[in-house]
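>
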Amino acid sequence: MTTGLPLLDFRADPRVREAVLERFCVDAGLVLTPELRGILVPRPREKLIVGGVQSGKTTATGLDCAVDIELRPPGRVMRYWFVLPDFTTKAKEVEYLWEWYGKRGAVWRYHNPKDSAWRLELYGGQVVVETLTANNPEGIASEAVDGVVLVEAGQMSEVVRDHAQGRIITKRGWIDMSGTLENAEKRAQFGWYQDLAVEWLENPSEENQAFSLPSWANPFAFPGGRNDPEILRVERAYENNPNYFLRYICGVP
113 MTTGLPLLDF RADPRVREAV LERFCVDAGL VLTPELRGIL VPRPREKLIV
163 GGVQSGKTTA TGLDCAVDIE LRPPGRVMRY WFVLPDFTTK AKEVEYLWEW
213 YGKRGAVWRY HNPKDSAWRL ELYGGQVVVE TLTANNPEGI ASEAVDGVVL
263 VEAGQMSEVV RDHAQGRIIT KRGWIDMSGT LENAEKRAQF GWYQDLAVEW
313 LENPSEENQA FSLPSWANPF AFPGGRNDPE ILRVERAYEN NPNYFLRYIC
363 GVP
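One gets our numbering by counting positions in the sequence shown from 1 and adding 112 to each.
(1) Using DSSP bridges, identify the partner residues of W286.
(2) Looking at L160: is its Cβ nearer than 8 Å to the Cβ of A309?
(3) Would you grab the beta carbon distance between G291 and K202 for me? Rounded to a whole angstrom, and I think it's under 8 Å.
(4) Sorted by chain position, which residues of the same chain lie with C-beta nearer than 6 Å to N224's C-beta, five sequence neighbours on each side aside?
(5) What residue from V162, A172 and V240 has the CA that sits closest to G266's CA?
(6) Nearest CA to the CA of Y305: which residue from M190, M268 and G174?
(7) In angstroms, rounded to a whole number, what distance separates the CA positions of L148 and W286?
(8) Go through its chain and collect everything with a Cβ distance to K215's Cβ below 8 Å, but skip five positions before and after it.
(9) Name the DSSP bridge partner or partners of H275?
(10) Between which two residues does the alpha helix (DSSP H) containing F194 stretch?
(11) Determine whether the beta carbon atoms of E233 and R221 lie at a separation below 8 Å.
(12) In angstroms with no decimal places, state the Cα-to-Cα distance between V257 and T282.
(13) Any idea what DSSP makes of S327, helix, strand or coil?
(14) Whole angstroms are fine: how far does the CA of S317 sit from the CA of F323?
(15) Which of helix, strand or coil does DSSP assign to E226?
(16) By Cβ distance, which residues of its chain are closer than 8 Å to Y350, with the 5 residues on each side in sequence left out?
(17) Using DSSP with H/G/I as helix, E/B as strand and the rest coil, what is G266?
(18) Assuming contact is defined by CB atoms lying nearer than 8 Å, are G237 and Y192 in contact in what I supplied?
Here it is in structure tokens:
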């Protein structure tokens, strides 16, 4: 497929991305909600997804990677990293990719040891997905990749993002950062994540965009949406602490 555009520019075309996203969700048996569509159609170089608990952040970042995989140019080996706070954190995004691509018969190899790095290979090895740990930022500096996802980025130091930046330059890749917002007063060393969220929500650009994904965007966990009884219960429980509700349920810094 020849477009005359730089690689990322083609992969970032919103019309192309939306068409691929819709088809992939049908094949994978996923519900493409308006909230997910609004987050996944744009493809800035860096995307930050602030989510409430059980909001579907994992599905969002897994699908973002899947759309990029489906838009890969013929003959090119694509490589993606999912960076976890540590290896005790389960890589649900990679599990989802394994499940979705298993339905397509595209899984070639899958290695998911306990408390160690995972590796998923698709399409005969043309696509490689690996996990790394933020506990070893120097390890995020070994080779060029097409995309990096920082899972629960609010639990990582900013140096992890810095190292990821150096890995995407050669391939004109992208970075996704997702997670809930930590209490900046209690975990000031990770305040960079909230600072970026505030800045990019207020001033989005082609390079940097942030999105809020509220808990009620997950129709399976909260079928009543914003007025789901459980959402309303938590809102009432923290009416004297609205910041908690905004941060952990609404995904708003």
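Cβ coordinates follow ideal geometry from the N, Cα and C atoms, glycine included.
So, to answer that:
(1) G259
(2) yes
(3) Not confirmed; about 14 Å, so no contact.
(4) W230
(5) V162
(6) M268
(7) 18 Å
(8) D139, A140 and G141
(9) Answer is none; H275 lacks a bridge partner.
(10) Run containing F194: none in the alpha helix (DSSP H); it sits in the beta strand (DSSP E), M190 to L196.
(11) yes
(12) 8 Å
(13) helix
(14) 12 Å
(15) Looking at the sequence provided, one finds Lys at residue 226 rather than Glu. Correct three-state label for K226: coil.
(16) Y356 and F357
(17) helix
(18) no
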